[in-house]
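Read left to right, the sequence shown gives residues 4 to 384 (this note's numbering). Structure record follows, encoded as structure tokens.
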Amino acid sequence: MSTESLRFQYSPWFQCALGVLILVLIGLTGCQTTSHSSATAAGQLTFVQKKMGPVTQLQRVSPTGESGPVLVSERWRDLQPHWSPQGTLVFMSNRHGRDQIHLDKDRERLQIFLLEPGNAEPELISDTDDSAVSPRFSPSGEAVAYIHARPGNAALEVVELNARGATPVTQARDILDYAWAPDGRALAVVVFDPGRSRLEFVAAPGERDPELPYLQPEERGSVITGVSWSPDGSAVAYIVNSPDRARRLYLYDRKTGQRRRLSNPEHHVQNPVQWSADGDALLYAALVDFDFHYDETQREQVYEGSMQIFLSDRSGNARQLTQGEGRHGAPVFSPDGRRIGFLFAETLDARTLSVRTMDLEGREVRELHQRVAPESLLQWN
């Protein structure tokens, strides 16, 4: 794992397989689909499974360990699955007629696909000359947003599923992350232009501007890298990468206009951050006691520290849920809020992870599935 993948882990630009976070893999095969039953039933976690070479497959597993593919992939790199409330799946893939996967990730073109319940084949809903990445349903499930990753001029676009046309809502040199407002009428977008990082609020297609001021990091040279909107719409949590390399979690209260740091200033908070259903708590992973150096004898980077999972209230009172060495990342709440799912590996630079669950006291740890791709996130429906 590179230094950058640990410092900027899970930001959508790096997830898009254009070179930094996703590992360089090699392979060639074919693709078919399984019959599609709803993965939104209680107790199923969706993730990305590693297959041979660069091939990845969308997989799901129940809390009892019963697993199966959402789509069987023998050739493609299927990534970033997201389910709508209606049980429709959107994901990112390079499955657009090529017979091979480029080893040069800069040449790999990724697009957005939609799989309706009952359909055997996914439908292409983006068709860009560049890559389209980071697809996410609106809260109602009636629209999909994604980042049109044009070099030097990225755009956040929204496709309304009853019309299928893409509407740009904002653009910048880079778009690092975004989050739908809980009412679906606006989006919080992390944009980066040369020398300027900001969190801006933009209207969804057909809606009025939200009339919210954009936010910039208070510390000179800092970059905002992630955002998460609270379920009641009253606050947004966002991650700031500081010049001292720490990645700190902040909360912006829309009513008071005040900002508050939530995380330990020495920790390196990772995307994504998830809110509890009642909006009172935030779940996130962070690198603790992290450092790295180059080992001349082994001729490789050596990473020190661990990645742990934390639960924080809105005031920044945080509790560490995991213990021990290794990488505990990408945490999500169970539908009833009583347990969490997360990805685990024994080392920070592991190339294969496993899906685990545990209760909110850090007990009853269960391993459900192995061979999880390192670029995977989790969604628990």
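We put the CB at the ideal spot given by N, CA and C, even for glycine. Quick caveat, the model's predicted, so the values are computed rather than measured.
Other residues of its chain near residue i: CB distance less than 6 Å, five sequence neighbours each side excluded
i    : result
A169 : E160, V162
S337 : W383
Q89  : G144
S65  : G46, Q47
D256 : A238
Q261 : none
Whether residue i touches residue j by CB criterion (8 Å)
i    : j    : result
R201 : L218 : yes
R80  : T59  : yes
L286 : Q277 : yes
S143 : F116 : no
G332 : L314 : no
V226 : F195 : yes
R139 : A148 : yes
T91  : E124 : no
L356 : V375 : yes
L324 : L371 : no
Sequence-distant residues of the same chain with beta carbon closer than 7 Å to residue i, five excluded per side
i    : result
G224 : P246
E269 : A249
V272 : I242, R250, R251, L252, S266, Y287, A289
V205 : V172, T173, A189, L190, V192
Of the residues the options, the one placed nearest residue i, counting alpha carbons only
i    : options                : result
R98  : Q89, F313, D130        : D130
S233 : D316, R251, L74        : D316
V239 : P185, A207, P125       : P185
E328 : P154, R341, L290       : L290
S379 : E77, M55, H85          : H85
D132 : L113, T173, E303, L252 : L113
R341 : S279, R211, E222, S357 : S279
A284 : A206, A321, A353, P197 : A321
I343 : D352, T350, K258, V368 : V368
Y306 : G121, F293, S318       : F293
G365 : K54, R199, Q326        : Q326
G187 : P208, G319, R167       : P208
Below-8 Å beta-carbon distance, residue i vs any chain B residue
i    : result
E210 : The question asks about chain B, but that chain is absent: this structure has only one protein chain.
Counted within 10 angstroms of its Cβ, other Cβ atoms place residue i as buried (16 or more) or exposed
i    : result
N244 : buried
S87  : buried
N274 : buried
S76  : buried
K258 : exposed
Close Cβ partners of residue i (< 8 Å) along its chain, the five nearest in sequence each way excluded
i    : result
G155 : R176
D308 : Checking the sequence, you will find Gly at residue 308 rather than Asp. For G308, where only same-chain residues beyond five positions count, the Cβ hits under 8 Å are L290, V291, D292, F293, D294, L351.
(Q) Quick check for students: name the residue ranges of the alpha helix (DSSP H) that lie wholly in the region 268 to 351, counting only runs of 4 or more. (A) Segments of the alpha helix (DSSP H) lying fully in the region 268 to 351: there are none.
Q) Whole beta strand (DSSP E) runs in the region 82 to 160 with 3 or more residues, listed along the chain? A) Given a length threshold of 3 residues, each whole run of the beta strand (DSSP E) inside the region 82 to 160 is given here in chain order: 92 to 96, 114 to 118, 134 to 140, 146 to 152.
Q) Quick one: complete beta strand (DSSP E) runs, 3+ long, within the region 219 to 257? A) DSSP assignment within the region 219 to 257 yields the following whole beta strand (DSSP E) runs of 3 residues or more, N-terminal first: 226 to 232, 238 to 244, 250 to 256.
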